Amino acid sequence: MLVSLGVENFRSFKKKTNIELKPITVFVGKNSSGKSSFLRLFPLFRQSIEANTTGPILWFGRYVDFGDFNKALYKQAKDKNIKFFFKFIIPPSSSLVYKSIIGDEKETQINIELIVGSDQKKTKYKSINISFNNIKVSITNNDEKGIDYSFYENGNKMFEKTFPDLKLEKLYRSFILPYVNYSISTIGNNHTLLIQKYAFGGIIELISFNEKVEKKLIKYFSPNPEMELIHNFVRNLKLDMLEKDSFLDSLKKSFLNNKTFIENLNNNYDQIYEDIFPSLLFSKINSILTEINYNLNETFSKIRYIAPIRAIAERFYRFQDLQINEMDHTGSNVAMILNSLTQKEKNAFTAWVKKNFNFSISVEESGLHYTINIIDEDNITYNISDMGFGYSQLLPIIMSLWLETEKLTHRRNNELFFVIEQPELHLHPAYQTQLAKLFVNIIAKAPKKLKIKIIVETHSQHFINALGECVEKGKISKDDLSIIIFNKENTETDIQTAYFDEEGTLENWPIGFFSGE
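The sequence shown begins at 275 in our numbering and counts up one residue at a time.
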């Protein structure tokens with residue numbers, strides 16, 4: 275579950291900027307203050323995992339267009355690299371990958387820092403830093419010299435080494451993070467180094483490094499090392515063992531009956547830890563990256579992005595015998611989705627809209643075409659094209675919300691992101707208010723297994739005020755909301771966070787923010 279996202283040296287974000295993701299996170303600020311750039315990171319990552327690319331990021335794709343790396347880079351950057359920061363929690367799971375790598379007793383919080391640069395107009399991996407428990411691992415591509423590996427504990431560097439035969443590179447289309455792989459020259463010289471263990475199509479372990487760790491461990495057993503136990507220990511290490519005390523406990527349990535080793539362990543634990551642990555962790559690095567990549571992929575694939583410029587309603591739509599299960603980011607397929615619903619589903623959607631907005635929707639056949647009609651509160655029917663822009667801009671949003679939270683509740687995924695730009699466009703203040711209340715209602719009614727997050731960029735005071743009203747009335751906890759204020763001075767964006775108190779009053783809110791002063 276992704277809990278925060280950050281950037282550095284990206285667009286107008288010169289310094290590291292992290293945003294914690296609440297169930298409802300609202301971006302506000304003046305035009306060109308950076309809020310849209312940050313919000314569009316979500317569809318950027320989704321299009322990056324969906325396209326067949328050789329690099330980590332697809333800057334120009336189906337959902338958003340950042341141009342290329344140089345266009346996305348902060349213009350006055352001295353360090354010509356862009357940094358992305360991900361913090362997420364991996365909960366106990368039944369996943370085979372998870373159980374074989376993480377363990378199934380506790381959740382693990384992981385922090386990722388991914389650094390990318392440009393080489394001959396191509397976006398390349400520069401380095402990756404992974405932090406969990408009190409441990410940090412840093413891996414950096416060192417041009418033609420291989421990779422630099424560093425291991426930190428409690429902020430102190432404990433180990434560093436350069437591996438000349440390795441590099442960071444992208445191996446799979448749907449994964450954002452790189453893998454450690456052998457260089458082409460190494461493959462040519464020694465193809466046996468390519469022997470690796472696979473699971474679900476992902477490289478899990480660098481077998482040759484496992485063997486090096488085993489050799490280091492053997493010297494603490496004398497005179498008869500228990501090779502099978504050593505072999506199993508190295509291959510079955512889990513993330514919940516990757517801290518000093520847990521590692522010690524794991525060693526004791528694994529080799530309890532070997533008196534020589536236990537004596538060495540009790541007398542020389544710090545030496546054994548420093549000798550074994552950094553190398554053992556490195557041998558598991560692709561296992562760790564695989565688990566993280568699967569979790570990031572799960573998150574990014576569940577992003578539902580609605581762009582600010584949405585399709586204009588048409589008077590007639592041609593019949594297309596298509597079953598559509600997701601709203602296009604421009605809303606261009608809203609008519610096809612409506613037409614693909616069964617009558618029971620159409621009735622359910624109409625009732626849901628009526629309850630939340632006091633109008634309803636119908637689909638009517640007209641020869642070789644069909645029409646979408648709006649039935650207002652006076653029960654008068656209008657073609658949607660005769661109702662102005664407001665309904666055509668609102669319909670894709672509410673259809674996407676209903677489709678994902680009401681119709682498709684059978685989906686196994688436990689995480690869902692709605693990322694919406696300017697939902698208030700062409701809407702009367704009353705509908706802006708109702709839309710905010712609908713967002714709150716969706717969060718409040720979501721089943722525990724479905725973690726929904728709604729990220730909204732808005733200029734609407736009515737929308738903000740409605741959220742405060744919901745807090746005051748106890749419909750949502752103040753802790754489930756945050757308002758991120760984007761401020762841009764010269765070329766650089768800073769953010770500050772406003773929040774609601776128990777009475778629904780905004781705290782840390784700039785005076786006169788909506789007054790135009």
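We treat Cβ as the ideally placed atom computed from N, Cα and C, and that holds for glycine. None of these values were measured; they are calculated from a predicted model.
Closest Cα partner of ASN632 within the set LYS357, LYS727, ILE649 and GLU324:
If you number the sequence shown from 1, residue 632 lands on position 358. Closest by alpha carbon: ILE649.
Limits of the alpha helix (DSSP H) - the one that ILE736 falls within:
Within the sequence shown, numbered from 1, the residue matching residue 736 stands at position 462. The sequence given here places His at residue 736; Ile does not occur at that position. Unbroken alpha helix (DSSP H) run through HIS736: 735-746.
Runs of alpha helix (DSSP H) wholly within the region 321-370 (minimum 4 residues, chain order):
343-346
Which one or two residues does DSSP pair with LEU388 in a beta bridge?
Numbered from its first residue, the sequence shown carries residue 388 at position 114. Bridge partners of LEU388: PHE358 and ILE402.
In terms of residue numbering, what span does the beta strand (DSSP E) encompassing GLN545 cover?
Within the sequence shown, numbered from 1, the residue matching residue 545 stands at position 271. Not the beta strand (DSSP E): GLN545 falls in the alpha helix (DSSP H), residues 533-557.
Reduced DSSP secondary structure (H/G/I, E/B, other) of ILE504
Indexing the sequence shown from 1 puts residue 504 at position 230. Of the three classes helix, strand and coil, the one that applies to ILE504 here is helix, per DSSP.
If you run the structure through DSSP and keep just helix, strand and coil, what is MET432?
Taking the sequence shown and counting its residues from 1, one reaches residue 432 at position 158. Looking at MET432 - three-state DSSP - the assignment turns out to be strand.
Residues sharing a beta bridge with ASN632, DSSP
Your numbering for residue 632 matches position 358 in the sequence shown. Answer is none; ASN632 lacks a bridge partner.
Whole-angstrom distance between MET432 and ASN531, CA atom to CA atom
As a first step, residue 531 is located in the sequence shown; it is residue number 257 there, counting from the start. As a first step, residue 432 is located in the sequence shown; it is residue number 158 there, counting from the start. Whole-angstrom Cα-Cα distance: 30 Å.
My assumption, with CB atoms under 8 Å, is that GLU717 sits in contact with PHE301. Please give the rounded CB distance.
Position 443 of the sequence shown, counted from the start, is the residue given in the question as residue 717. Position 27 of the sequence shown, counted from the start, is the residue given in the question as residue 301. Reading off the sequence, residue 717 comes out as Ile, not Glu. With 8 Å as the limit, ILE717 and PHE301 do not qualify as a contact, their Cβ atoms being about 17 Å apart.
Compare the C-alpha of TYR547 against each of ILE729, ARG578, GLU517 and VAL730 and name the closest.
For the purposes of this step, residue 547 is taken as the residue at position 273 of the sequence shown. Per the Cα distances, GLU517.
For SER286 and THR767, believed in contact at Cβ under 8 Å, the rounded distance:
Within the sequence shown, the letter at position 493 stands for residue 767. Within the sequence shown, the letter at position 12 stands for residue 286. Right, their Cβ atoms sit about 4 Å apart.
Starting from the C-beta of GLN594, find all residues in its chain whose C-beta is less than 6 Å away, skip the five residues before and the five after it, and write them out in chain order.
Looking up residue 594 in the sequence shown gives position 320. The answer, listed in chain order, is MET610.
Measure the beta-carbon distance from LYS747 to TYR773 and round it to whole angstroms, keeping in mind my assumption that it falls under 8 Å.
For the purposes of this step, residue 747 is identified with residue 473 of the sequence shown, where counting begins at 1. For the purposes of this step, residue 773 is identified with residue 499 of the sequence shown, where counting begins at 1. So it is not a contact: roughly 17 Å between Cβ atoms.
Terminal residues of the continuous alpha helix (DSSP H) containing GLY664?
The residue given as residue 664 occupies position 390 in the sequence shown. Unbroken alpha helix (DSSP H) run through GLY664: 663-676.
In its own chain, which residues sit with a C-beta less than 8 Å from the C-beta of PHE590, not counting the 5 before and 5 after it?
Residue numbering aside, residue 590 sits at position 316 when the sequence shown is read from its first letter. Excluding residues within five positions, the ones whose Cβ falls inside 8 Å are SER640, HIS643, TYR644 and THR645.
Integer Cβ distance of TYR426 from PHE556, believed to fall under 8 Å
On the sequence shown, position 152 is the one that residue 426 refers to. On the sequence shown, position 282 is the one that residue 556 refers to. Between PHE556 and TYR426 the Cβ distance is about 13 Å, and since that is not below 8 Å, they are no contact.
By Cβ distance below 6 Å, which residues in the same chain neighbour THR414 in space, the five residues on each side in sequence not counted?
Counted from its first residue, the sequence shown places residue 414 at position 140. Counting only Cβ-Cβ distances below 6 Å, and skipping sequence neighbours, we find SER401 and ASP422.
Using 8 Å as the cut-off, can you tell me whether the region 323-332 makes contact with the region 290-307, which would need three or more C-beta pairs spanning the two stretches below that distance?
no
Using only alpha-carbon positions, find the residue among ASP519, PHE529 and LYS435 that is nearest to ASN498.
Within the sequence shown, the letter at position 224 stands for residue 498. Per the Cα distances, PHE529.
Is the beta carbon of LEU525 closer than 8 Å to that of LEU539?
For the purposes of this step, residue 539 is taken as residue 265 along the sequence shown, with counting starting at 1. For the purposes of this step, residue 525 is taken as residue 251 along the sequence shown, with counting starting at 1. Contact flag set, yes.
From LYS349 to LYS395, what does the alpha carbon distance come to, in whole angstroms?
To locate residue 349, count along the sequence shown from 1; it is residue 75. To locate residue 395, count along the sequence shown from 1; it is residue 121. Cα to Cα, LYS349 sits roughly 16 Å from LYS395.
Use the C-beta contact count for ASP393: other C-beta atoms within 10 angstroms, 16 or more gives buried, fewer gives exposed.
As a working note, residue 393 is residue 119 in the sequence shown. Exposed.
Please work out which residues of its chain come closer than 7 Å, Cβ to Cβ, to ASN569, disregarding the five sequence neighbours upstream and downstream, and give them in chain order.
On the sequence shown, position 295 is the one that residue 569 refers to. Once the five neighbours on either side are set aside, the close Cβ partners of ASN569 are PHE362 and ILE364.
When you compare the region 614-624 with the region 699-714, are there three or more beta-carbon pairs, one atom per stretch, that lie closer than 8 Å?
no
Could you spell out the range, first to last residue, of the alpha helix (DSSP H) harbouring THR707?
In the sequence shown, counting from the first residue as 1, residue 707 sits at position 433. Note, THR707: alpha helix (DSSP H), 703-719.
Checking 8 Å against the spacing of the C-beta atoms, do LEU313 and VAL693 come in under that value?
Within the sequence shown, numbered from 1, the residue matching residue 313 stands at position 39. Within the sequence shown, numbered from 1, the residue matching residue 693 stands at position 419. Yes, these two residues count as a Cβ contact at 8 Å.
Residues near GLY308 in its chain [Cβ-Cβ closer than 7 Å; skip 5 each side]:
Residue mapping note: residue 308 aligns to position 34 of the sequence shown, counting from 1. Correct list, in chain order: ARG285, SER286, PHE287, PHE760, LYS762 and THR767.
So VAL411 packs on ILE559, CB below 8 Å; how close in whole Å?
Here residue 411 is taken as the residue at index 137 of the sequence shown, counted from 1. Here residue 559 is taken as the residue at index 285 of the sequence shown, counted from 1. Yes, VAL411 and ILE559 are in contact; Cβ-Cβ is about 7 Å, under 8 Å.
Which of the three DSSP states, helix, strand or coil, is assigned to GLN394?
Counted from its first residue, the sequence shown places residue 394 at position 120. The answer is coil: DSSP assigns GLN394 none of H, G, I, E or B.
Rounded to the nearest angstrom, what separates ILE580 and ALA351 at their Cα positions?
Mapped onto the sequence shown, residue 580 falls at position 306. Mapped onto the sequence shown, residue 351 falls at position 77. Rounded to whole angstroms, ILE580 to ALA351 spans 31 Å at the Cα level.
For GLU743, which of THR291, ASN403, ALA710 and GLY329 has the nearest alpha-carbon?
Within the sequence shown, numbered from 1, the residue matching residue 743 stands at position 469. Answer by Cα proximity: ALA710.
THR382: which of PHE737, MET275 and PRO670 sits nearest, CA to CA?
The residue you call residue 382 lines up with position 108 of the sequence shown. Nearest of PHE737, MET275 and PRO670 to THR382, Cα basis: MET275.
Assuming the contact rule is C-beta atoms closer than 8 Å, LEU554 and VAL508 should be a hit. Round their C-beta distance to whole Å, please.
Sequence index remark: in the sequence shown, residue 554 carries index 280 (1-based). Sequence index remark: in the sequence shown, residue 508 carries index 234 (1-based). About 7 Å separates the two Cβ atoms, so the contact holds.
Check the DSSP bridge columns for ALA772 and list the partner residues they point to.
Taking the first residue of the sequence shown as position 1, residue 772 is located at position 498. Per DSSP, ILE757.
Length-filtered (4 minimum) alpha helix (DSSP H) runs lying within the region 566-622:
608-614
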